[in-house]
Structures are given as C-alpha cells and as structure tokens.
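Going line by line, the protein sequences match chains A and B. When the letters of the first sequence are read in order and numbered with full-length UniProt numbering, they come out as residues 1 to 298. When the letters of the second sequence are read in order and numbered with full-length UniProt numbering, they come out as residues 1 to 309. Note that beta-carbon positions come from the ideal geometry of N, C-alpha and C, so glycine has one too. The structure under discussion appears below in the form of structure tokens.
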Amino acid sequence: MKRFLSTLLVLALFIGTFSGCNKTSQESTKKIGMVISTLNNPFFVSMKEGAEKKAKELGYEIVILDSQNDASKERSNVEDLVQQGISVLIINPTDSDAVANSIAVAQQNNIPVITVDRAANGVEVTCHIASDNVKGGKLAAQFILDKLGGKAKIVELQGIPGASATRDRGKGFHEVVDGNANVKVVASQPADFDRQKGLNVMENIIQANPDFDAVFAHNDEMALGAIKALNAANKKALVVGFDGTQDAVDAVKSGEMAATIAQQPDVMGSLAVENAVKLIKGETIPKQIPVDLKVITK
Amino acid sequence: MEKLKALALKFKSLIGLFFLCIVISIITPRFLNINNLLNVLTQVSVNAVIAIGMSFVILTGGIDLSVGSILAVTGALAASLISKQNSLFLAILLSLIVGALIGAFNGLLVSKGKIQPFIVTLAGMTIFRGVTYVYTNGTPISGLSKDFTFIGNARVLGIPFPVIITFIVFLIAWYLINETRFGRYVYALGGNEDSARLSGINTDSIKTMVYVISGITAAIGGIIVTSRIGSASPNAGSGYELDAIAAVVLGGTSLAGGEGSIAGTIIGAMIIGVLNNGLNLMNVSPFYQSIVKGLVILLAVLIDKKNKK
C-alpha cells in the first residue's frame, strides 16, 4: 500500500511539472463554444450535427456541451467554455428567462453570444437564429383547412404550457382558425411535447370527444403518440405535426401522418456556426436571422 | 506501516480527488488556474449543500429522494416572495421553514408511519414536483431583485458567495455530527436501531430530525440555484437527488447507515464537480460523459468494498 501510494505521488508530481511546461504551447486557433439545451431529443441532435459539419467545413474547432434541460447545468457549461477561451458562444437556451445570467457570464468576458431556436429574455444578444413559429402555426392550420375543404373539427395538442414554442405555434394556428364559423377546435390540451403524453392525452380525448377529423400537434413527438392512440381506437383523422423529425418524415411517407411543419435544426446549427465565424473575422451580422419552415407532405 | 495504511484508508476519497485533479491537469492546462478552481467550487456548492443534509439521512440508514423537488418548491417560493414582497429576509426565512416542514412531513411518515424511507420520499418527490407546477403554473418565475441574485453571483474577498454558504453549512453539520449528543445518536441509530432504542434513545425524533435537516439543506440549495440563475424554473433540481446520493457514497458513507463522515461527503461532491468540469474542459462528447461518471462511481465503491474486507 505504502509503495503504491508513494509511486502514485511521485508519478503525479512528475506529470504535474510536465503539464506546467505544456502551458506555453496552447492552441492558437479560435474556438467556438456551443451549449445545447438537451441532446435527449433528435431535434437538437440534428442541430448539433449541422453545427459540427459547418465548423469542420470552415476549419474551426467547436466544443459542444449538453445542458440536460437544467438551467443550472447550462450556466456551469457556459462558465467552463469561457474558461476554455472560446471566441463566440452559440447557445440554445433551456429556458428563455433562466438563460439571462448565463449569457451575462459570457458577455462579461467580452464573448459575443448567438442564441438559437429559443430567444433570451432580459439580455441583449448579438444575434438570434430561429424558425418563425407563428408562421408555422398558420401553415399548419391552412394545410388542414385546404385538405378538408375549409370545414374542420380540430383537436389541438399543445406543448409545455408557457414555453415560447407553445405560445407562438398556438398563436399562429388560432389566428387562422378562430372566428372561422366552419372550424371548431373541439379540444385543446397540453401533452408537454412528449410522445407518451401525446398518446395518453389523445386516448382521453377519443373517449371524451370522438367527433373530430383533424389533429394539430405542436410537435412531432406528440403527433406520433396521437397516431398510436388513433390507430388503437380505429379512428381516422388528419394528423399534422411540427418539427420535421426523421420519425415524423417517415410517418408522412408511410401515410400515417398527413404532414409535418418542418423546422430545419441542422440549418439553424449550420447558420449559427457560419455567423459565429463571421464575428470572429470581425464582420457584422444581422440581429435576427429567420430560418425557413416547410410543409412536408407525401 | 499499519498506521500509514489506516491513514490512507481514512483519506482515500481525498487521495482519489487529488489523483483525479492530477490526471485532468495533465490533459488540459486550463484546469489548474484559480478562476477555474473557483468555478468548480461554485458549481459544486449546490450539490454539496444538499449532500450534507443527505448524509444525515443516509447515516441513519434512510434515503431522501425528494430533495430535488424540495429545491424546486422552495426556489419558486423564494422567487415569488422576492418579486411580490421584495423582502429578502422574508423570502429566505419562509423558504427554509417550508423546506423544514416538508422534511418533517417525510420524517414523521418514516418514523411514526413506519413506511420505508424510499417509498415516502419517492412519493414526496412526485408530490412536491407537482406542487411546484401548480404553484408556478408551469412557467418560470423571473425578474428577481439585485439583492437576491447577490447570493448566487457575488464574491466576498474574491470567494464566490455560494462557496461561503457551503462552508458555513459544512461547519454547522460537522459540529452537529461530531460534537453533539444528537450526532452520536445518528450514528447509533444507523449502526443498530434496536440497540439504539433499547439504550433509551428516542429513535423516532432522531429519524424525523434528519429529514428536517435534509429539507433545510435542500431549501438552501433551492435559494442558491434560483439566485444563481436569476429565475425559478418548475423543473429545477430534477435528478439532483441522485447526484447528492452519489456524493455521499463517493465520500465513503455506507448506504446501510452508521458509517461515514460529513467531510467525506464534501470530497465526494468535489469529485463529481471536478469530473463534470474536467470532462467539459477536455472536450469529452456529452454522450460519453455520463458513461464516465457512472464508471467512476462504480470504481470508487468497488475500491471501498475491497478495502473493507
């Protein structure tokens, strides 16, 4: 035990002095830091891949960290990236309000910040890159009306209450359907962007209120859950999701899902890196960069 | 030789932490600088405070899975009091009281209700998460005053305030466990409940008290998190119970109770914090980070077990 310990100590000291010497030869290239709200969701994984691909193409090193949907972890991630000496911070916030202090940490160290997908409240950032969710909600409502000849009874599966995506997609959707005498929204219930919850909520709605012919879900995960419930109950309805994830695109191809309003997370990631590089080169970039949405149908 | 071995065993968590720091500083030169080390200490503080309370519970042979939810409830309460009443003192006091009350609720169900701690606090975890959702209506509470965000962000003589809070909590806990009758009873209860009861210890009240302590430390964690982020999120603290338990176990405390120390828990929390920070600095892909963390916990417990044989 003693011998083991002393060997360990000597080894440690030896290597310790070495790492001290290495400090002079630190990396000289500029680094981009990226903090993503969660990688437990294919949407954000696509965003990550888009960013990585662009960084590789432009020849910049990018460090990507996962906040696991925890604002406290998000702040630690930002602090760690600042320590690493990044030149630009790209952040996809876990929550629009909670991210302000984390962004302040970067800005205090004179690191410009680009937000992606979710905006930051209460702080000024250099650039915000996001899809136009209100427009997406309108697109979804319009698609349903076109398909059903202007007359529809629609179920709305909402996202996490209060989340900006929930508010905006719902807003766009209601701007089209509200006040239209031929359209009735028979149920509006939250299923928290979750596939399992989408299934459960849809089952309940089918029991309580089976008279509808279309479903608009605020994201694909809930739409896919709803399809499971509809199939189990042998109920036919036009299902429209949101995000354009791989599972949803497959479901649209197989005819189970009518359409998905595709966000392009890979494009967002790629645009973020492209603009981060512009900042590094000293160019100016726009404050808002909208990313196109597209309706994916069979 | 024997003495040295005993010493090495006593400080094995510390040696582990030391070794970990060496390895990380070899790989990335950015680890060993004062700013980053202060960063790590601040990042560790919330888990360390919660884990200190958790140590009391685990020393009696219990477990508290509700700490993450208590953190969310008390954080939300503090945030709403600050934004409505703007009284820092009231917000902190009431949060601590609510934390203590929830702890008492858990503790009484365990001691008087004779339900297993795992079940009681598992139910508590769900109930108080739900309470947070109801209370906040599912939306984060923001717009907190400067006074309040001071707690999580300010530095006093260069030392981050959360670190100072953690140190004070540690001192109080250390005193309670080592210098008071209560502390000895906690160990006695965890060692052998029947003989503790037969020797005249009021085991029910000790059992209740440890959950109250855990509730209070979770509330302190809630206040720090909320003020650090400047916003109380309804899903704050999910999964924190597991980090706290891991810190306690890494610190050499036995889940069976009766054995372990508060200082060990602090070291355990440091190991987790250094690992988190180090893996980030070393650019380890987030997908691999969880695997590494799990393996380190397993390795530590394995070494612990081998040494005890």
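Residues of the stretch 148-160 of chain A with a Cβ closer than 8 Å to any Cβ of chain B, in chain order: I160. Inside the stretch 82-167 of chain A, DSSP marks whole alpha helix (DSSP H) runs of 4 or more residues at positions 100-108, 133-147, from first to last along the chain. Selection V239(A), E49(A), N275(A), Q288(A) evaluated against I296(A) yields V239(A) as nearest (Cα-Cα). Within chain A, no C-beta atom comes less than 8 Å from the C-beta of A247(B); the nearest is roughly 15 Å away. Within the same chain, Cβ atoms closer than 7 Å to the Cβ of K278(A) are found at I285, the five residues on either side in sequence being excluded. For chain A, the residues of the stretch 210-233 of chain B that bring a beta carbon within less than 8 Å of one of its beta carbons are V225, R228, I229, G230, S231, S233, in chain order. Take the alpha-carbon of A123(B) and the one of L176(B): they are about 29 Å apart. Judged by DSSP in its simplified three-state form, L242(B) adopts helix.
Cβ proximity to chain B below 7 Å picks out R75, S76, N77, E79, D80, Q83, Q84 from the stretch 74-85 of chain A. Between D168(A) and chain B, the shortest Cβ-Cβ separation is not below 8 Å. With contacts defined as CB atoms closer than 8 Å, I224(B) and S45(B) qualify as a contacting pair.
In this structure, S231(B) places its C-beta atom within 8 Å of the C-beta atom of S142(B). Closest in alpha carbon position to V134(B), among G107(B), Y187(B), I159(B), V73(B), is V73(B). For the pair V105(A) and V134(A), the CB atoms are not nearer than the 8 Å cut-off. Counted as a single uninterrupted DSSP element, the beta strand (DSSP E) harbouring V291(A) occupies residues 288-291. Across the stretch 30-44 of chain A, CB contacts with chain B closer than 7 Å involve L39, in sequence order along the chain. Put simply, the stretch 33-43 of chain A touches the stretch 84-95 of chain A. At least three CB pairs are less than 8 Å apart. The beta carbon of D213(A) is closer than 7 Å to those of L148, A152, K153, A237, L238 in its chain, skipping five residues each way along the sequence. For chain A, the residues of the stretch 138-165 of chain B that bring a beta carbon within less than 9 Å of one of its beta carbons are G138, T139, P140, I141, S142, G143, T149, G152, N153, in chain order.
Within the DSSP bridge table, the entry for R155(B) names P160(B) as partners.
Interface criterion met: the Cβ of P286(B) is under 8 Å from a Cβ in chain A. Assigned with DSSP and collapsed to three states, V73(B) falls in helix.
With contacts defined as CB atoms closer than 8 Å, T217(B) and G62(B) fail to qualify as a contacting pair.
Taking C-beta separations shorter than 6 Å and ignoring five residues to either side along the sequence, the partners of L32(B) in its chain run S25, following chain order.
Residues of the stretch 25-37 of chain B with a C-beta less than 9 Å from any C-beta of chain A: S25, I26, I27, T28, P29, R30, F31, L32, N33, N35, N36, listed in chain order. Annotation: L89(A) has no Cβ neighbours in chain B at a cutoff of 7 Å; minimum Cβ distance is about 14 Å. Judged by DSSP secondary structure, A229(A) falls within the alpha helix (DSSP H) whose first and last residues are 220-232. Rounded to whole angstroms, the gap between the alpha carbons of P160(B) and N109(A) is 17 Å. Taken in chain order, the members of the stretch 51-64 of chain A whose beta-carbon sits within less than 9 Å of a beta-carbon on chain B are E61, V63, I64. Within the same chain, Cβ atoms closer than 6 Å to the Cβ of V99(A) are found at P93, A120, the five residues on either side in sequence being excluded. Distance from the CA atom of S233(B) to the CA atom of S195(B), rounded to whole angstroms, is 45 Å.
About 16 Å separates the beta carbon of T115(A) from that of N69(A), a gap too long to meet the 8 Å contact definition. In this structure, the CA atom of F182(B) is about 40 Å from the CA atom of N77(A). Contact check for S13(B) against I267(B) passes: the beta carbons are separated by less than 8 Å. Between P290(A) and D132(A) a beta carbon distance of about 5 Å is seen, short of the 8 Å cut, so the two are scored as contacting. Three or more pairs of CB atoms, one per stretch, sit closer than 8 Å, so the stretch 242-249 of chain A contacts the stretch 201-220 of chain A.
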